Ligand code: DC
């Protein structure tokens, strides 16, 4: 039987990636965290494409896209993102990347650059992909689509604790402001905005644990 293609979209810090990873393990699927790809491009831009004011020079980034090679490698069961052969899994979670990623992700050149590789990974089925535009743009024919949401206070708490667990300095108010700002840019951008696909199942997990969210998704998949 062909393994399913599952799209998980939703707001920042709703647990999309960690939930997708568990579901992938349970169902024997590949998991692709597409947010990590946008973060990887942003990290590259911060290293190599800054203007004299220290801001990202978008035109320089666009002309440098062919120098970016992103790949996930399996390190003891953990998928780790490499940029041009260097492990950048910690760097992509830094505050500097979080503060700049929505600007980078709203650029057509960047989205086009990442689109084809995301699609081709799903050709053979057996994948769960999480992001913002998976059910609407990247994989509109996915077998299952879910859209995760939760209150801003709950998401702030989760992101704050995630940063602390990664030994990254964090201030709860700044984390909240960054989430609000990113959600706004991601939802209002012209190309591939964050939006629920018409046929996606909405799961509000404000009051659900990670385990309960996973059970809700699996119950739906196994029911069909
Ligand atoms: O899921 P995340 O927070 O790691 O994603 C980082 C940013 O990347 C997010 O602010 C929006 C962008 N993104 C996107 O535009 N499209 C995707 N498919 C995934 C992420």
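Numbering (the working numbering), first residue to last: 2 to 225. Virtual Cβ for every residue (Gly too), placed ideally from N, Cα, C. Predicted model, so just to flag it, every value in this text is computed and none were measured.
So, is residue 93 buried or exposed, given that buried needs 16 or more other C-beta atoms within 10 angstroms?
buried
Report the three-state DSSP secondary structure of residue 205 (helix, strand or coil).
strand
Along the chain, where does the beta strand (DSSP E) that runs through residue 57 open and close?
That residue, residue 57, is in no beta strand (DSSP E); it is neither H nor E in DSSP.
Inside the stretch 92-127 only - alpha helix (DSSP H) runs reaching at least 4 residues
96-106, 109-122
Reference residue 174; option with closest CA among 198, 20, 154, 124
Looking from the CA of residue 174, the closest CA among 198, 20, 154, 124 belongs to 154.
Can you have a look at residue 207 and say buried or exposed, based on whether 16 or more other CB atoms are within 10 angstroms of its CB?
exposed
Give the secondary structure of residue 77 by DSSP, where H, G and I count as helix, E and B as strand, and everything else as coil.
coil
When we look at the beta-carbon of residue 220 and count the other beta-carbons within 10 Å, is it buried (16 or more) or exposed?
exposed
Rounded C-beta distance between residue 123 and residue 149? I'm assuming under 8 Å.
The Cβ separation is near 19 Å, so there is no contact.
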